[in-house]
Each structure stands twice: as structure tokens, then as C-alpha cells.
Amino acid sequence: MAGIYTSWERLVGKYPDVAKDYQSEIVNSYWMPGAEGEVSAAVAVRYSLPLPAPSDALADLATDLIYYKMMWRQEGMAALKTYIDERLQGIVNGTVTLVASGGVSLGGGQVASSVASYASSFGMDDFGNFRVDSGWQQDSQTARGDWSV
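Taking the numbering used here, I'd label the letters of the sequence shown as residues 2 to 150.
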């Protein structure tokens, strides 16, 4: 059975020792929803959920988090927890962008704007600087096919 981001097969493939101590039904019904919920809660700060396509980065994070939650008392788990936290923080801060398995960005960054290079037409400013940037208006009309400007 697969969860939102990961699956039993992925977990056992990455951490084979899990299969010795846990049954898939227990992992799928108890460990997986909690870890995936935690990943979703962190990622929802920057991304609209559900995502339009699966992300390998989130699948890997959820898999690591499930394993950490199961084994947190074992030696070496502090390093794994630090690694998980750093990756989640990168996604939340925007230093890491989620991509689908095909390499397509899933958004979450700044919204692209076609008028970003134009000066503001309105707003409080020094009265000597009040003006309307007609370049934006002319470019907009030209883009629509109105060349009478």
C-alpha cells in the first residue's frame, strides 16, 4: 500500500531492517500517516497541497522520517534527524524547490511577473516623481496586436 508520498516498498528498499521488526500493515496504518502528515504540514507553508505531481524529494523525506520515528532511540539517529530537518527547512525557506520526477518545478517560489521590470504607476512617492510609466501600456498594446500606439 502506498501513502501520499512513500510506500512500504520504498521504506523496505531503503531500510531493509524495517521488514524484520515491523509488518507492512502496521507501518501503513500507523507510522506512514504520521510521518507524511508532518511532511505535509511543513511543506504547506510554501506549497499548495495536494501537489499536482509526485515529488521524489518528499518521498525520500517521508521515508526517512518514518524510519527515524521507528528507530529514534538507536545510535546514529541524531544525524538522520538533522539531515531531515535541514531538508525540510530548505523547502520551507525556498532554498530548495520541489520538482516532479520529470524535472518540472512544482512551484512554491516567487510568482513570475511579466511587468516586473516596469516602474510602479501608483503609490505614495515624492510629488516630483509622480508619473505614469507609459512603456508598460505601449508594450501591452503591442503584445495584443494593437500597433496604432
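Note that beta-carbon positions come from the ideal geometry of N, C-alpha and C, so glycine has one too.
Treat the numbers as computed from the prediction; the structure is a model and nothing was measured.
Taking residue i as the reference, which of the options has the closest Cα?
i	options	result
residue 61	9, 31, 27 and 51	9
residue 40	136, 140 and 87	87
residue 48	70, 104, 38 and 98	98
residue 29	16, 20, 18 and 3	3
residue 90	51, 46, 26 and 139	46
residue 37	20, 145, 142 and 58	58
residue 72	104, 21 and 53	21
residue 103	23, 19, 136 and 53	53
What residue range does the alpha helix (DSSP H) around residue i cover?
i	result
residue 5	Here residue 5 belongs to no alpha helix (DSSP H), and DSSP marks it neither H nor E.
residue 87	78-94
residue 98	No alpha helix (DSSP H) contains residue 98, which DSSP labels as neither H nor E.
residue 19	19-22
residue 63	57-72
residue 11	9-15
residue 41	33-44
Let me confirm a value: residue i is counted as buried when at least 16 other C-beta atoms fall within 10 Å, else exposed. Which label applies?
i	result
residue 96	exposed
residue 113	Any reading at residue 113 must be qualified, since the residue scores a pLDDT of 45, below 50, and its modelled position is unreliable; the value itself is stated next. Its Cβ having fewer than 16 others within 10 Å, residue 113 is exposed.
residue 1	It is not possible to answer for residue 1, since the shown part of the chain is limited to 2 through 150.
residue 44	buried
residue 85	buried
residue 107	buried
residue 14	exposed
residue 50	exposed
Assuming residue i contacts residue j under a Cβ cut-off of 8 Å, what Cβ separation, rounded to an integer in Å, is found between them?
i	j	result
residue 63	residue 6	4 Å
residue 56	residue 100	7 Å
Got a sec: does the ligand ADP put a non-hydrogen atom nearer than 6 Å to the Cβ of residue i?
i	result
residue 87	The ligand content of the structure shown is nil, which means the ligand ADP is not present either.
Would the region 23-35 count as touching the region 65-72 if we require 3 or more Cβ pairs under 8 Å?
yes
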